[in-house]
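Below: the structure, in structure tokens.
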Amino acid sequence: MFRGYDLRQRIVIDVNTAERLGTISDVEIGESDGAIRQIIIRRRGGFFARAFGFGEISVPWSAITAVGREFVLVNSLVFGENYLKNK
Numbered sequence: 001m002f003r004g005y006d007l008r009q010r011i012v013i014d015v016n017t018a019e020r021l022g023t024i025s026d027v028e029i030g031e032s033d034g035a036i037r038q039i040i041i042r043r044r045g046g047f048f049a050r051a052f053g054f055g056e057i058s059v060p061w062s063a064i065t066a067v068g069r070e071f072v073l074v075n076s077l078v079f080g081e082n083y084l085k086n087k
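Read in the UniProt record's numbering, the sequence shown has 60 at position 60, and its numbers run on one by one without any break.
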């Protein structure tokens with residue numbers, strides 16, 4: 001078992017393209033049941049990109065295919081481009 005904060009800073013890989021999407025910066029948890037709803041991935045970028053939220057991706061928990069010690073594998077076909085924040 002793991003906790004939400006245990007996921008932070010893990011590297012996220014897309015299983016369809018083998019692309020490194022970034023690292024987990026946060027998790028969104030449901031108020032009613034405490035379950036993880038989605039993870040927020042910080043894409044690579046400079047200070048201004050991080051400061052203003054550019055380059056973040058929200059990935060629903062249903063898109064996660066595996067969670068390891070260092071990596072989290074996601075299926076981009078589940079979330080697609082609709083989850084890009086601040087395009």
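Cβ atoms here follow ideal geometry from the backbone N, Cα and C, with glycine treated the same way.
Bear in mind the structure is a predicted one, so any value in this text is a computation, not a measurement.
My output table needs one value for ALA26: the three-state DSSP class, helix, strand or coil.
As written in the sequence, residue 26 is Asp, which differs from the Ala given in the question. If DSSP states are grouped into helix, strand and coil, ASP26 belongs with the strands.
What residues match up with ARG42 in a beta bridge as DSSP calls it?
Paired residues: THR23, GLU56.
So LEU73 is in the beta strand (DSSP E); what residue range does that whole segment cover?
71-74
Assuming SER62 and VAL78 are in contact, meaning their beta carbons sit under 8 Å apart, how far apart are those beta carbons, in whole angstroms?
6 Å
Tell me whether ASP14 sits in a helix, a strand or coil according to DSSP, three-state version.
strand
Can you tell which of VAL15, ILE13, ASP6 has the C-alpha that lies nearest to the C-alpha of ILE36?
ASP6
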